[in-house]
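In numbering that gives the first Met the number 0, the protein residues as written are 0 to 196.
Here's the structure, in structure tokens; my notes come after.
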Amino acid sequence: MTESTPASSQQRRAFWLKHLHQWHWISSAICLIGMLMFAVTGFTLNHAGQIEASPSVVTRHETAPRELLDALKRAALANASAGNQKDQKDQKGPVPRVLADWLSKTMDIEAAGREAEWSADEIYVGLPRPGGDAWLSVALEDGEVQYEVTSRGWISYFNDLHKGRNTGHAWSWFIDIFALACLIFSVTGLFLLKLHA
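Printed below as a string of structure tokens:
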């Protein structure tokens, strides 16, 4: 019985060493990806004034069909009465489903779930994104749809990711996974140090 105790102790130690090493290197690989990106973008953010960027702006125009405009006017009235707002100047609400569907089909613009600003004659939707900006407006009288997208380049894109500006859910998940990987990397490193000491 005395001989089996050291063997089982060594087996247990070997088991933990093997698994800690595996978790340590996997988490370190995930951390390396994040750390490299944050290190490079930290440098570019510190020297943003020295890095020239020439934004590109693309503007598109389309005309919304009359049926869509009628549906939007009805939605504006419903939005005003639901919010008990008598003045139609400063209304805000989600982009109506009918408009989001039309924009997606006709102009390949994803506006579903975004907030729209309503006035008596126009709907305005801001579409900010990392590394640029975009917006669209719909004139409720004549149906003119104007869409403008600005791109400031890849450096600006990664700088905005670094700051978490207009990044969305996918980036939020990456940051959470990165934080968890850093925690696992640190804790397994401490346990490995203890087991090797």
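A virtual CB, placed ideally from N, CA and C, is assigned to each residue, including glycine.
Everything numeric in this text was worked out from a predicted model, so none of it was measured.
DSSP places T166 in no beta strand (DSSP E); its state is neither H nor E. The residue among R11, R113, L139 and H20 with its C-alpha nearest the C-alpha of S185 is H20.
Taking the Cα positions, V39 is about 30 Å away from L191.
For the segment 125-169, the continuous beta strand (DSSP E) assignments of 3+ residues that do not extend past its boundaries occur at 131-138 and 143-150, in sequence order.
Residue environment analysis places I176 among the exposed positions, since fewer than 16 neighbouring C-beta atoms fall within 10 angstroms of its C-beta. Residue state for A115 is assigned as strand, using DSSP reduced to three classes. Rounded to whole angstroms, A63 and G41 show a C-alpha spacing of 44 Å. In the structure shown, E51 falls within a coil segment according to DSSP collapsed to helix, strand and coil.
The C-alpha of A70 lies about 12 Å from the C-alpha of W101. When the beta-carbon positions are compared, L98 and V137 come within less than 8 Å of each other. Taking C-beta atoms as the reference points, T43 and I154 count as a pair closer than 8 Å.
Here H23 carries a helix assignment [DSSP, helix/strand/coil]. In the DSSP assignment, V94 falls outside any alpha helix (DSSP H), carrying neither H nor E. By the Cβ test, the segment 42-57 is in contact with the segment 141-157, since at least three Cβ pairs between them sit closer than 8 Å.
Cβ contact annotation for V56 (same chain, cutoff 7 Å, sequence separation greater than five): E147 and T149, in chain order.
Contact between G125 and Y156 is ruled out by a C-beta separation of about 18 Å, above the 8 Å threshold. Within its own chain, no residue has a Cβ closer than 8 Å to the Cβ of A28 once the five positions on either side in sequence are excluded.
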